[in-house]
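To start, the structure under review is shown below, and the notes come after it.
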Amino acid sequence: MARLALTGLAIVALAGPVRSSMPESELPVADQMVVDKSARTLTLYANRRPFGVIGGIQLGDAPIGHKRFQGDERTPEGRYWIDWSNPDSSYHLSLHISYPNASDEAFAASQGRSAGGMIMIHGQPNGMAGRMRGDWTDGCIALANEEIEYLWETVPDGTVIDIVP
């Protein structure tokens, strides 16, 4: 499985834990992430230049299609942002995605339903060694614990996240 690695501004995928040759104080700061659901990748950008990619991301139990309603187990698609972080999550760290937006809420309301919420990028369940298999979230994006730790250091609140089919 590919893991995030950082070497200058090149995208590099390596097996093993996240590593960087840069001191932590010199890590890049992401201003955009692109999640490609079909490719199962999360790419980090700074100043429109990619600096890292995480492969093998895990999605909701129903990974195809845009999240429409609470409980549909889909991962949203569209442009959102990271609006807060939770160090005390039930999963190993979590970054909140701003879903639902006004359009998501309006669509769900037009169908007499809730759009849901609490969509996060997070690690594996607390206390679990290794990684769960397959898609297992209720619509979140799950990573290995080392990968979410890297995002925790490089992705500030306000970072744009584009989630594409």
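Heads up, the sequence shown is in our numbering, so the first residue is 458 and it goes up one at a time.
Ideal Cβ positions, reconstructed from N, Cα and C, are used throughout, including at glycine.
Can you give me the start and stop residues for the beta strand (DSSP E) that Leu552 sits inside? Ser551 to Ile554
Contact defined as beta carbons within less than 8 Å: I believe Lys494 pairs with Val617. What is the distance between those atoms, to the nearest angstrom? No, Lys494 and Val617 are not in contact; Cβ-Cβ is about 17 Å, not under 8 Å.
Which residue spans inside the stretch 507-555 form an unbroken beta strand (DSSP E) run of at least 3? 535-543 and 551-554
Nearest to Val612 by CA position, among Ala599, Ser542, Arg525 and Gln527, is which residue? Ser542
Less than 9 Å between the beta carbons of Gln581 and Gly587, yes or no? yes
Of the choices Asp614, Ile605, Cys597 and Leu552, whose alpha-carbon is the least far from that of Glu530? Cys597
For the stretch 555-569 against the stretch 511-525, do three or more pairs of beta-carbon atoms, one drawn from each stretch, fall closer than 8 Å, so that the two count as touching? yes
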